[in-house]
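The block underneath contains the structure these notes are about, expressed in structure tokens.
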Amino acid sequence: MIKPRRIFTYAFLIGVSAISIFPFLWMVVSATNKSVDVTKGRLLPGSHLIENIRNLTSQVDIVNALMNSLKVSVVTTLLALLISSLAGYGFEVYRSRAKDIVFNILLLSMMIPFASLMVPLYRMFASASRSVPSIGIDTLTAVVLPTITTAFLIFFFRQSTKMFPKDMLEAGRMDGLSELGLFFRIYMPTMKTTYAAAAIITFMASWNNYMWPLVVLQSPENQTVPLVISNLGSSYAPDYGVIMSAIVIATVPTALVFFLMQKHFVAGMMGSVK
Amino acid sequence: MSSAVKPALGKDSGVNVKTGMSSHKKMNLIGWLFVGLSVILIITFYFYPMFQALLLSFKTGTGANLEYTGLDNYKRLFIDKTFLTAVGNTFIYLIIQVPAMILLGLFISVLLNDSKLKFKGFFRTAIFLPCVTSLVAYSVVFKYLFAGDGIVNMALMKLHLITEPIQWITDPFWAKVTIVIAITWRWTGYNMIFYLSALQNIDNSIYEAARIDGASSTRQFFSITVPLLKPIILFTSITSTIGTLQLFDEVMNITRGGPGNSTMTISQYIYNLSFKYTADFGYAATVSYSIVIMIIVLSIIQFKVAGDRK
Numbered sequence: 001m002i003k004p005r006r007i008f009t010y011a012f013l014i015g016v017s018a019i020s021i022f023p024f025l026w027m028v029v030s031a032t033n034k035s036v037d038v039t040k041g042r043l044l045p046g047s048h049l050i051e052n053i054r055n056l057t058s059q060v061d062i063v064n065a066l067m068n069s070l071k072v073s074v075v076t077t078l079l080a081l082l083i084s085s086l087a088g089y090g091f092e093v094y095r096s097r098a099k100d101i102v103f104n105i106l107l108l109s110m111m112i113p114f115a116s117l118m119v120p121l122y123r124m125f126a127s128a129s130r131s132v133p134s135i136g137i138d139t140l141t142a143v144v145l146p147t148i149t150t151a152f153l154i155f156f157f158r159q160s161t162k163m164f165p166k167d168m169l170e171a172g173r174m175d176g177l178s179e180l181g182l183f184f185r186i187y188m189p190t191m192k193t194t195y196a197a198a199a200i201i202t203f204m205a206s207w208n209n210y211m212w213p214l215v216v217l218q219s220p221e222n223q224t225v226p227l228v229i230s231n232l233g234s235s236y237a238p239d240y241g242v243i244m245s246a247i248v249i250a251t252v253p254t255a256l257v258f259f260l261m262q263k264h265f266v267a268g269m270m271g272s273v274k
Numbered sequence: 275m276s277s278a279v280k281p282a283l284g285k286d287s288g289v290n291v292k293t294g295m296s297s298h299k300k301m302n303l304i305g306w307l308f309v310g311l312s313v314i315l316i317i318t319f320y321f322y323p324m325f326q327a328l329l330l331s332f333k334t335g336t337g338a339n340l341e342y343t344g345l346d347n348y349k350r351l352f353i354d355k356t357f358l359t360a361v362g363n364t365f366i367y368l369i370i371q372v373p374a375m376i377l378l379g380l381f382i383s384v385l386l387n388d389s390k391l392k393f394k395g396f397f398r399t400a401i402f403l404p405c406v407t408s409l410v411a412y413s414v415v416f417k418y419l420f421a422g423d424g425i426v427n428m429a430l431m432k433l434h435l436i437t438e439p440i441q442w443i444t445d446p447f448w449a450k451v452t453i454v455i456a457i458t459w460r461w462t463g464y465n466m467i468f469y470l471s472a473l474q475n476i477d478n479s480i481y482e483a484a485r486i487d488g489a490s491s492t493r494q495f496f497s498i499t500v501p502l503l504k505p506i507i508l509f510t511s512i513t514s515t516i517g518t519l520q521l522f523d524e525v526m527n528i529t530r531g532g533p534g535n536s537t538m539t540i541s542q543y544i545y546n547l548s549f550k551y552t553a554d555f556g557y558a559a560t561v562s563y564s565i566v567i568m569i570i571v572l573s574i575i576q577f578k579v580a581g582d583r584k
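These protein sequences, in sequence, are chains A and B. Heads up: the first sequence at position 269 corresponds to 269 in my numbering, and the numbers run straight through without jumps. If you want my numbering, it's the 1-based position in the second sequence plus 274.
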């Protein structure tokens, strides 16, 4: 006999799952339908996907936006991983009282909301524009620079380094490896899963970043995907099919990263509370 | 000398003939090289801008024409209706959304932690799924789902739960509700994952002992689960509080802060002051500092509240 509590558990979980999934289904289905059908509440897949994408590409340069987002996210991720892991490793392996103090001061930066940084950062990059236009306002470099180093990622690498067997470093020193050699030849290959988790967190954050690009990018050819979507979404006569196809295109990369590396993703989240 | 340096640096303390430095000193220096770039970047892009913002917060003027006006900006905060509305809205989101989401996340994770439950993997993935969407993308989707003639109203009317469509986006009250629903949808699964992994570390025999003693499941939840999960609940409530105080993407893309200023958040007000209205960077910096102060105060309160019950 099935207990009523069991039934409640399943009913509740099915309900919550349905609510979680429905917006995705609606988004994908709407991307394949005409705007009029979407407004009528059609929930069956249609045959207008190709036409919606064609209309989308005629309205905005989505390919260019995807390329911009990809450039920003890949460069940010690579630099962030290298710089933060060097620091997390350095703080743990060459530990000293002075470094611990500096580390704790760096952690304070996690309390600073981005909205507070927005104005002074904008002014910094605006004044940089006058002397070095290539890193100033309205460049992808300006999008990347302030987001490369986060205290969170340094903390994440330091926590993971605690689990790293230090004997391996001693052995490497005996073999005559330099200190940098130890990092690149021994530490990096051993910590692959930590790097994978860090890469996912950073890539997702960078791909989805909205506020800073909104402030710093101006010309249409420099826009990243979230800016394009936001613009489409704020039009007065929205074409639902077109907008949803854009959102599907924007969501596919992060969804793929998530499904391919789900384990690392969760490991990355947990790394923040260890 | 050697007592200042911890053993992680290795046992060798001989003097390097070439450089004349002890190897401890050399190792310590190498360590600084490893962390140096990060320290410089964080100072440049966090601490230096915050210092600039502090100076700016005492200046008034439009665009680049700024002059020192002392505490004028700080006095203005207390009579600025838009600012007070934005703070009020942010606190409404904070007080309603954060506890509701944490309780819901806890409840779901307790249900999922049942070893006899089938399709556990499916439920977990489905509930976590909203976290893969970008904030902008899901906000736009929600804006249309909750439109006056949107599918949510259609469904509610079909089910005869309402007779008139609810103005989810254009009514001051319902617009706040929509924002709360949206954030809860996006973040419950994220928090749930933290609770779930913490629950898996709790020894099952504690629950068995409680069951033998005749404790109901509600009792077990509040007397065993919640106390044992306290550190992780504290962590998620601090991160959620910081996140809510910075709320921007959703409000910007679902309601634009409207109708009127009824969903405006502090972050959005800073954005408007700097980039939408005539640029008032000085006052925007003052408003920025108000969020920093709120984050610090709320984090301290949460630590205190969690600490006292130990």
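Cβ atoms here follow ideal geometry from the backbone N, Cα and C, with glycine treated the same way.
Run down chain A in chain order and give the residues with a C-beta less than 9 angstroms from the C-beta of residue 499 of chain B.
-> Simply none; closest approach about 16 angstroms.
Report yes or no: is there a C-beta of chain B within less than 7 angstroms of the C-beta of residue 140 of chain A?
-> no
8 angstroms contact criterion, which residue 208 of chain A and residue 514 of chain B should meet: CB distance rounded = No, residue 208 of chain A and residue 514 of chain B are not in contact; Cβ-Cβ is about 18 angstroms, not under 8 angstroms.
State the DSSP-derived secondary structure class of residue 408 of chain B, mapped to helix, strand or coil.
-> coil
Leaving aside the five residues before and after residue 281 of chain B along the sequence, list all residues of the same chain whose C-beta is less than 7 angstroms from its C-beta, in chain order.
-> Annotation note: pLDDT 43 at residue 281 of chain B (below 50); position unreliable, coordinate value reported separately. Around residue 281 of chain B: no qualifying Cβ.
Is it buried or exposed for residue 277 of chain B, if we count other Cβ within 10 angstroms and need 16 for buried?
-> In this predicted model, residue 277 of chain B has a pLDDT of only 39, less than 50, meaning its place in the structure is not dependable enough to derive any value.
Using the rule of at least 16 other Cβ atoms within 10 Å of the residue's Cβ for burial, across every protein chain shown, is residue 218 of chain A buried or exposed?
-> exposed
Along chain A, in chain order, which residues have C-beta atoms closer than 9 angstroms to that of residue 327 of chain B?
-> 116, 117, 119 and 120
Report all residues from its chain with a CB closer than 8 angstroms to the CB of residue 341 of chain B; omit the five preceding and five following residues, and keep chain order.
-> 333, 334 and 335
Taking all protein chains shown into account, decide if residue 551 of chain B is buried (16 or more other Cβ within 10 angstroms of its Cβ) or exposed.
-> exposed
Are the segment 119 to 135 of chain A and the segment 49 to 61 of chain A touching by the rule of at least three beta carbon pairs closer than 8 angstroms?
-> no
Round the Cβ separation of residue 450 of chain B and residue 356 of chain B to the nearest angstrom and send it over; I've been treating them as touching at under 8 angstroms.
-> That pair is no contact at about 16 angstroms.
Test item: CB-CB of residue 535 of chain B and residue 359 of chain B under 7 angstroms = yes
Contact set for residue 47 of chain A: own chain, Cβ-Cβ below 8 angstroms, skip 5 residues either direction = 32
Close beta carbons around residue 146 of chain A, own chain, < 6 angstroms, minus the five adjacent residues each side = 121
How many whole angstroms separate the CB atoms of residue 563 of chain B and residue 389 of chain B, which I take to be in contact at a CB cut-off of 8 angstroms?
-> That pair is no contact at about 50 angstroms.
Sequence-distant residues of the same chain with beta carbon closer than 8 angstroms to residue 405 of chain B, five excluded per side | 460, 461, 463 and 464
Compare the C-beta of residue 368 of chain B with all C-beta atoms of chain D and state if any pair is closer than 7 angstroms.
-> Included in the structure are the protein chains A and B, with no chain D among them.
Where the segment 18 to 37 of chain A meets chain B: residues whose CB sits under 9 angstroms from a CB there = 18, 19, 20, 21, 22, 23, 24, 26, 27 and 30
Close beta carbons around residue 518 of chain B, own chain, < 8 angstroms, minus the five adjacent residues each side = 364, 367, 368, 371, 372 and 457
Do the segment 572 to 582 of chain B and the segment 347 to 354 of chain B meet, that is, are 3 or more Cβ pairs less than 8 angstroms apart?
-> no
Cβ of residue 84 of chain A versus every heavy atom of the ligand NAP: is any distance shorter than 6 angstroms?
-> In the structure on display, the ligand NAP does not appear, and there are no ligands present to speak of.
Taking DSSP as the reference, what is the three-state secondary structure of residue 333 of chain B?
-> strand
Determine, using beta carbons only, whether residue 104 of chain A comes closer than 7 angstroms to chain B.
-> no
Nonlocal neighbours in the same chain, by C-beta distance under 7 angstroms from residue 504 of chain B, ignoring five residues either side = 580
Please name the residue or residues paired with residue 342 of chain B in a DSSP beta bridge.
-> B:333
Closest to residue 309 of chain B by CA distance: which of A:104, A:15 and A:91 is it?
-> A:91
With DSSP as the reference, label residue 235 of chain A as helix, strand or coil.
-> coil
Contact residues within the segment 537 to 569 of chain B, judged by C-beta distance below 8 angstroms to chain A = 540, 541, 544, 545, 548, 549, 555, 558, 559, 562, 563, 565, 566 and 569
Would you report the Cα separation of residue 125 of chain A and residue 214 of chain A, rounded to the nearest angstrom?
-> 14 angstroms
Going by CA-CA distance only, name the one from A:263, A:15 and A:179 that's closest to residue 297 of chain B.
-> A:179
DSSP state of residue 514 of chain B mapped onto helix, strand, coil | helix
Residues that residue 479 of chain B bridges to, as DSSP identifies them | None, per the DSSP bridge assignment.
Which residues, in chain order, does the segment 183 to 208 of chain A contribute to contact with chain B at a C-beta distance below 9 angstroms?
-> 183, 204, 207 and 208
With a CB to CB cut of under 6 angstroms and the five nearest residues on each side skipped, what residues in its chain are close to residue 169 of chain A?
-> 182
Under a three-way DSSP split, which group does residue 296 of chain B fall into?
-> strand
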